[in-house]
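Asker:
Residue numbers (UniProt numbering): 1 to 153.
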């Protein structure tokens, strides 16, 4: 699978998940794509191979994933699967659900994703950026809708 196809799949899957939570589809932002690509390249060159959020990213939401090259699209599924831990009745940020809530955050309008390969680790690093970012305390009830359908990926 090419990186172009991988990224297109991530956009499609993301918007399918968003539909199931009453959120509008995200539009692709080239600025976010460029920002994501810069950081994916940094992660791919990392001596540790760890997923560490960009310390210089202050104004964008960010989801990170890494996997073997042939199944790289599963990152978005892992982010979404955090819905199983999310408490819709509490409507607050809880540990282990931040990727999911950013993915379906209703106020977010744009996303940009990129990937880079690390030959050292034989991994593909995926970075997705979101604007406006999500996960603001006090805004979960209005931005994280309950699941109303199933998406099978």
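Glycine included, each C-beta is placed from N, C-alpha and C at the ideal position.
Do you know offhand how far residue 144's Cα is from residue 2's?
Answerer: Distance between the alpha carbons of residue 144 and residue 2: 32 Å.
Asker: Smallest Cα separation from residue 95: which of 106, 82 and 5?
Answerer: When only C-alpha atoms are compared, the closest one is 82.
Asker: Let's test the definition: count the other Cβ atoms within 10 Å of the Cβ of residue 13 and tell me whether it reaches 16, buried, or not, exposed.
Answerer: Under this definition residue 13 is a buried residue.
Asker: Taking all protein chains shown into account, do 16 or more other C-beta atoms lie within 10 angstroms of the C-beta of residue 60, making it buried, or fewer, making it exposed?
Answerer: With 16 or more other Cβ atoms within 10 Å, it is buried.
Asker: Report the three-state DSSP secondary structure of residue 26 (helix, strand or coil).
Answerer: Looking at residue 26 - three-state DSSP - the assignment turns out to be coil, as it is neither helix nor strand.
Asker: Just grab the DSSP bridge partners of residue 43 for me.
Answerer: Looking at the DSSP assignment, residue 43 forms no beta bridge with any residue, so it has no partner.
Asker: So if DSSP puts residue 126 in a beta bridge, which residue, or which two residues, is it bridged to?
Answerer: Answer is 65 and 115, bridged to residue 126.
Asker: Please state whether the Cβ-Cβ distance between residue 116 and residue 43 is less than 8 Å.
Answerer: Yes, these two residues count as a Cβ contact at 8 Å.
Asker: Could you give the residue range of the alpha helix (DSSP H) that holds residue 98?
Answerer: That run of the alpha helix (DSSP H) goes 98–104.
Asker: Can you round the beta-carbon distance between residue 79 and residue 89 to whole angstroms, since I take them to be within the 8 Å contact cut?
Answerer: Contact doesn't hold; Cβ gap of about 22 Å is too wide.
Asker: Under three-state DSSP, which class holds residue 35?
Answerer: Three-state result, residue 35: helix.
Asker: What residue range does the alpha helix (DSSP H) around residue 10 cover?
Answerer: From DSSP, the alpha helix (DSSP H) with residue 10 extends over 3–19.
Asker: What does the Cβ neighbour count give for residue 97, buried or exposed, with the cut at 16 atoms within 10 Å?
Answerer: It counts as buried.
Asker: To the nearest angstrom, how far is it from the Cα of residue 84 to the Cα of residue 111?
Answerer: One C-alpha to the other measures close to 23 Å.
Asker: Under 6 Å Cβ to Cβ from residue 141, same chain only, skipping five residues before and after it: list those, please.
Answerer: Here the set comprises 91.
Asker: When you compare each of 99, 87, 103 and 148 to residue 25 by their alpha carbons, which one comes out closest?
Answerer: The candidate whose alpha carbon is nearest that of residue 25 is 103.
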